[in-house]
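Single-structure report; data block below.
Residue numbers (my numbering): 470 to 528.
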């Protein structure tokens, strides 16, 4: 279902952020990139949910 795929997408982004945080050597770079990734993943998730909701809505 679309809920499952949306959840998987969110978890993927969260996991990616955590992996980068663990691997990144510079704190400032970490915080800046973390912010960018989080905003992008939030926007991507919103866009995906909007698309899915519009597709699921009967005319």
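All residues carry an ideal CB built from backbone N, CA and C; glycine is no exception. The model shown is predicted, which means the values in this text are computed figures rather than measured ones.
{"Check": "Same chain only: Cβ atoms within 7 Å of residue 517, ignoring 5 sequence neighbours per side", "Outcome": "475, 478"}
{"Check": "Inter-residue Cα distance where the pair is residue 503 and residue 481", "Outcome": "14 Å"}
{"Check": "Cβ separation of residue 507 and residue 486, assumed to be a contact under 8 Å, to the nearest whole Å", "Outcome": "7 Å"}
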